[in-house]
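Numbering (my numbering), first residue to last: 942 to 1245.
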């Protein structure tokens, strides 16, 4: 089965992941691909970070501490080493690790008593890293602020905050530093406002992208295009001008079904997404999509 259109057609495989006995998925919330083409999935199970080869064969797993709050997963290459940034909204923290799970640092709530009365109000959902190493933490499930840090995790400032006016966000669920233009800009999945908001790297509002979006979750870049998992039943690809190339696996109104997103298996169909939560490209332009559903769903879309 294929999905997409024109030059962006993909073979669908939602049975790609091969799990051994004793390893089960929970809600699948994050996905990344390393430089070897191996796929890492962040999910809410005792095996919170699972490593697969490109054919879907299980290699290893770790991360039981993230079981309750596993969410965003960002892979960054820094001085020829690869690291993971893991957002844990239940434990109110972001953790930087090696690909094998060795902890580099843990980062809690920023010291901003004007924003947070307690750590329980801080619920980070994603991280994005800029050229040079500064990074952004998105408090998507908490107070809707975006926090900026330097490469050694020193706090630089915050922007956003709840609202719908320019510069304000509602559930900034994920982000990406977009390097497709002459200057890098920060894309923010302003999910509660059903839009993308663009900022400069200092946090100043630039503009909005509002067309062809329902509830954008996050982003990943491949050459001059970006993939956007949309929680309401589809995956979207935009070109360098942030205009539509194609939608993938669109299932209109799926979110209105009783019990969504946790629909029974006989209501999960090949070629149709249920609740895409994260997506990423590999080096060949293939796309991996993970969905917000209680026993997980991982789909590989192979570029044709």
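Just so it is clear, CB atoms sit at the ideal spot from N, CA and C, and this is done for glycine as well. Source: prediction; values computed, not measured.
So, using beta-carbon positions, are residue 1220 and residue 1031 closer together than 8 Å?
Against a cut-off of 8 Å, the Cβ pair of residue 1031 and residue 1220 comes out as no contact.
Is the beta carbon of residue 1112 closer than 8 Å to that of residue 1144?
No, the Cβ-Cβ distance between residue 1144 and residue 1112 is not below 8 Å.
Identify the residues that DSSP records as bridge partners of residue 954: which are they?
Beta-bridge pairing links residue 954 to 1241.
Cα separation between residue 1072 and residue 965?
Going by the C-alpha atoms only, they are around 36 Å apart.
Cross-strand partners of residue 1225 (DSSP beta bridge):
In DSSP, residue 1225 forms no bridge with anything.
Could you give the DSSP three-state label for residue 1201: helix, strand or coil?
Secondary structure at residue 1201: coil, using DSSP grouped into helix, strand and coil.
Does DSSP put residue 1060 in a helix, a strand or coil?
Residue 1060 falls in the helix class under three-state DSSP.
Please classify residue 1188 as buried or exposed, where buried requires at least 16 neighbouring CB atoms within 10 angstroms.
By the Cβ neighbour-count rule, residue 1188 is buried, with 16 or more other Cβ atoms within 10 Å of its own.
Contacting residues, own chain, Cβ-Cβ under 7 Å from residue 1057 (five flanking each side not counted)
The residues are 1050, 1063 and 1084.
Per DSSP, what are the beta-bridge partners of residue 960 in this structure?
According to DSSP, residue 960 bridges with nothing at all.
Sequence ranges, beta strand (DSSP E) only - wholly within the region 1026 to 1070, length at least 3:
As far as the region 1026 to 1070 is concerned, its whole beta strand (DSSP E) runs of at least 3 residues are 1034 to 1039, 1044 to 1048 and 1067 to 1070.
Contact under 8 Å by Cβ, residue 1003 with residue 967
For residue 1003 and residue 967, no; Cβs fall outside 8 Å.
So, helix, strand or coil for residue 1007, using DSSP?
Taken through DSSP and simplified to helix, strand or coil, residue 1007 comes out as helix.
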